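A quick write-up on the structure given underneath.
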Amino acid sequence: MINLLINKILLYIHIFIIIYIIIKIFIRYKDIKSYILWFFILYIFPIIGIIFYFIFGEIYSRTQFKHKKSKKIWFRYSKLLKNLQIFYKLNHKNKNIKVKSLFQLCKNQQNLLSMTNNSINLINSSIKSIKLLINDINRAKNSIHIVFYIWIPGGIVNKFSKSIIIAAKRGVKCYIMLDYIGSRKFFYSSWYNIMLKVAGIFIIKSLKITIFKSFFYRIDLRQHKKIVLIDNKIAYVGSMNMIDVNLFKKNIKKGKWIDLMIRIKGPIVNTISIIYSYDWEIETGKNILAIKQLKKNLFKYKNKNKNKNKNNTNRIQVVFSGLELSKKIIHNSLITAIYLCKKNLIITTPYFIPSNNLLLAICIAAKRGVNVKIIIPKYNDSSLIYWASKFFFYKLLKSGVEIYQLKKDFLHAKSIIIDKKISFIGTVNFDIRSLYLNFEINLIIDDIIFNNSLLFIQNKYILKSKKLEYNLWIKRPYWHKLIEKLCFLFKPIL
Numbered sequence: 002m003i004n005l006l007i008n009k010i011l012l013y014i015h016i017f018i019i020i021y022i023i024i025k026i027f028i029r030y031k032d033i034k035s036y037i038l039w040f041f042i043l044y045i046f047p048i049i050g051i052i053f054y055f056i057f058g059e060i061y062s063r064t065q066f067k068h069k070k071s072k073k074i075w076f077r078y079s080k081l082l083k084n085l086q087i088f089y090k091l092n093h094k095n096k097n098i099k100v101k102s103l104f105q106l107c108k109n110q111q112n113l114l115s116m117t118n119n120s121i122n123l124i125n126s127s128i129k130s131i132k133l134l135i136n137d138i139n140r141a142k143n144s145i146h147i148v149f150y151i152w153i154p155g156g157i158v159n160k161f162s163k164s165i166i167i168a169a170k171r172g173v174k175c176y177i178m179l180d181y182i183g184s185r186k187f188f189y190s191s192w193y194n195i196m197l198k199v200a201g202i203f204i205i206k207s208l209k210i211t212i213f214k215s216f217f218y219r220i221d222l223r224q225h226k227k228i229v230l231i232d233n234k235i236a237y238v239g240s241m242n243m244i245d246v247n248l249f250k251k252n253i254k255k256g257k258w259i260d261l262m263i264r265i266k267g268p269i270v271n272t273i274s275i276i277y278s279y280d281w282e283i284e285t286g287k288n289i290l291a292i293k294q295l296k297k298n299l300f301k302y303k304n305k306n307k308n309k310n311k312n313n314t315n316r317i318q319v320v321f322s323g324l325e326l327s328k329k330i331i332h333n334s335l336i337t338a339i340y341l342c343k344k345n346l347i348i349t350t351p352y353f354i355p356s357n358n359l360l361l362a363i364c365i366a367a368k369r370g371v372n373v374k375i376i377i378p379k380y381n382d383s384s385l386i387y388w389a390s391k392f393f394f395y396k397l398l399k400s401g402v403e404i405y406q407l408k409k410d411f412l413h414a415k416s417i418i419i420d421k422k423i424s425f426i427g428t429v430n431f432d433i434r435s436l437y438l439n440f441e442i443n444l445i446i447d448d449i450i451f452n453n454s455l456l457f458i459q460n461k462y463i464l465k466s467k468k469l470e471y472n473l474w475i476k477r478p479y480w481h482k483l484i485e486k487l488c489f490l491f492k493p494i495l
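2 is the number of the first residue of the sequence shown in this note's numbering; add one for each residue after it.
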């Protein structure tokens with residue numbers, strides 16, 4: 002009798018949880034495919050499906066309770082930055098209508114102005130990027146701010162770590178923010194204790210998750226930014242994690258990781274500094290923004306570029322995501338840029354699981370005569386993504402999109418060029434997590450010289466790639482198509 006009563010109670014609890022989840026799914030998700038996926042999982046796996054939903058279905062991070070607070074913090078930061086930009090007259094009118102409309106979208110949605118007169122250098126080698134970082138860190142005088150998704154000790158990374166320790170010992174304030182999941186090897190290494198306790202470096206575990214919290218918050222919502230700031234004067238942004246590519250996953254057939262980083266000097270570095278300070282304050286509650294240093298830097302830029310302001314060159318717009326996910330600024334900026342495209346569009350991404358709207362924008366661009374090229378790696382570090390991405394190839398190829406697969410190495414760079422005039426470069430992948438979930442940063446660059454350099458590198462990728470042919474693609478084995486469709490069902494969580 003007691004067992005029967007217990008079974009009834011458990012049944013009612015299970016029914017209540019299922020109803021609760023169904024209501025949450027209808028409220029949170031707008032895509033019918035998401036409904037079908039979760040209903041399918043809950044129906045086939047009644048118990049495991051519930052656990053699976055609480056781990057991957059909830060879109061809020063562990064800092065959900067700070068969501069309202071984050072709005073106030075960002076309003077304070079963005080207002081400060083806007084006042085500084087207007088006062089020092091470092092934002093100027095853009096004569097390019099196409100760029101103007103794109104930057105206006107970013108300004109309206111995120112309250113960030115674009116900045117002119119920046120110095121931009123493109124680096125297409127991870128090893129070279131780290132060597133340049135070490136040189137800049139060795140010359141640092143005031144502060145170093147670092148954020149990475151993955152940090153794995155070994156090889157040249159150890160030299161990078163030593164340079165930070167030396168800088169800290171000579172009085173430079175060093176702040177390191179690393180994703181808790183992606184950089185777990187660093188946190189379990191001796192370097193963590195050495196840098197934290199011996200050198201006195203400030204280190205935080207971003208988006209930390211515990212076994213208990215994993216049942217209530219998404220564990221796949223990650224800090225995906227890759228930024229290094231030196232003295233708030235030099236910024237590095239791009240796709241590179243802090244790894245030695247000669248050691249990282251060296252036994253996998255996809256080869257070495259290929260990344261792109263950019264080294265920036267100029268007014269836009271102040272914007273990136275403020276974004277870093279915003280993320281740091283959300284995590285720790287402490288404001289580390291060096292207001293005096295920012296004002297000093299901006300004053301120098303103003304005097305240095307008095308005659309250059311009329312040229313309106315090297316314009317950069319920053320877009321980023323964090324706790325304020327509802328604005329979908331990264332997704333909206335990509336769609337806007339694609340619809341503005343008239344002649345050429347080249348997309349480079351390691352993971353291609355686009356939203357329905359992005360897929361539609363790309364296909365329509367090809368159909369209206371835009372030469373659209375997508376460059377992806379032939380092999381992927383995720384089998385699920387490897388097969389799910391292939392599901393989109395048929396529609397893309399049929400629309401006239403050219404798809405290139407890099408044969409030898411793993412292309413991890415994330416970049417876009419629109420009509421050889423506007424470029425996107427940063428940490429954003431063409432997948433759901435980057436577009437809607439992760440903490441990301443993209444730079445939109447309006448500079449002919451830089452974009453020509455990026456175009457040159459993208460064309461080198463194409464020369465090393467194999468072009469997919471529509472006539473051959475439709476003849477692929479039936480079991481390939483079946484696996485693609487099965488993996489595609491998991492799109493909402495990829």
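We put the beta carbon where it would ideally sit given N, CA and C, even for glycine. As the structure is a computational prediction, the values presented were derived from the model and not from experiment.
Pick from the options that is closest to residue i, judged by C-alpha positions
i	options	result
alanine 169	Ile458, Leu179, Leu444, Ile202	Ile202
arginine 316	Asn97, Asn358, Leu208, Lys465	Asn97
glycine 183	Ala362, Met243, Lys482	Met243
leucine 335	Ala414, Val320, Asn345	Val320
glycine 370	Leu359, Asn194, Glu403	Glu403
valine 173	Leu346, Ile138, Trp39, Tyr395	Ile138
glycine 156	Ile475, Phe249, Asn453	Phe249
lysine 209	Phe188, His225, Ile74, Tyr181	Tyr181
valine 373	Ile275, Leu361, Ser115, Ser384	Leu361
proline 266	Ile205, Arg77, Met116	Note that residue 266 is lysine in the sequence shown, not proline. Comparing Cα positions, the closest option is Met116.
asparagine 333	Gln406, Glu284, Pro268, Phe425	Phe425
glycine 401	Ile365, Ile463, Asn233	Ile365
lysine 297	Leu179, Pro268, Asn288	Pro268
isoleucine 16	Trp39, Ile3, Ile48	Ile48
Whole-angstrom distance between residue j and residue i, CA atom to CA atom
i	j	result
arginine 477	phenylalanine 392	12 angstroms
isoleucine 445	phenylalanine 46	44 angstroms
valine 246	lysine 257	6 angstroms
arginine 547	phenylalanine 149	Any property of residue 547 remains undetermined from this structure, which presents the chain solely from 2 to 495.
serine 71	glycine 323	9 angstroms
leucine 103	isoleucine 423	10 angstroms
isoleucine 377	aspartate 280	30 angstroms
isoleucine 348	leucine 397	13 angstroms
lysine 421	lysine 99	12 angstroms
asparagine 136	lysine 83	32 angstroms
phenylalanine 142	alanine 236	Contrary to the premise, residue 142 reads as lysine rather than phenylalanine in this sequence. Each residue's Cα considered, the two are about 15 angstroms apart.
serine 383	arginine 171	43 angstroms
asparagine 310	serine 127	A caution first: asparagine 310 carries a pLDDT of 49, below 50, which makes its placement in the model unreliable, though a value can still be read off. If you take the alpha carbons of asparagine 310 and serine 127, they lie about 33 angstroms apart.
lysine 415	proline 154	24 angstroms
For residue i, the first and last residue of its enclosing beta strand (DSSP E)
i	result
glutamate 403	403–407
glutamine 224	It is not in any beta strand (DSSP E) - glutamine 224 carries neither H nor E in the DSSP assignment.
arginine 264	262–266
serine 207	203–207
tyrosine 237	235–239
serine 416	416–419
aspartate 447	442–447
isoleucine 151	Neither: isoleucine 151 is in no beta strand (DSSP E) and is coded neither H nor E.
lysine 492	Neither: lysine 492 is in no beta strand (DSSP E) and is coded neither H nor E.
asparagine 122	120–124
8 angstroms contact criterion, which residue i and residue j should meet: CB distance rounded
i	j	result
isoleucine 259	leucine 469	19 angstroms between Cβ atoms; not a contact.
isoleucine 418	leucine 455	6 angstroms
leucine 43	isoleucine 145	Rounded, the Cβ-Cβ distance is 47 angstroms, inconsistent with contact.
isoleucine 442	valine 238	6 angstroms
isoleucine 228	isoleucine 273	6 angstroms
As assigned by DSSP and simplified to three states, the class of residue i
i	result
isoleucine 10	helix
leucine 248	coil
tyrosine 352	coil
cysteine 342	coil
leucine 487	helix
leucine 469	coil
glycine 50	helix
lysine 311	Caution applies to lysine 311, whose pLDDT of 49 falls short of 50 and renders its modelled position unreliable; the value that the coordinates give is listed next. Here lysine 311 sits in helix by DSSP.
lysine 160	helix
asparagine 288	coil
serine 144	strand
arginine 477	coil
Endpoints, the alpha helix (DSSP H) within which residue i is located
i	result
lysine 107	What sits at residue 107 in the sequence shown is cysteine, not lysine. Where cysteine 107 is concerned, the enclosing alpha helix (DSSP H) stretches over 98–111.
aspartate 180	Taken as a continuous stretch (DSSP letters only), aspartate 180 belongs to no alpha helix (DSSP H), being part of the beta strand (DSSP E) at 174–180.
valine 270	269–285
asparagine 357	357–368
leucine 397	394–400
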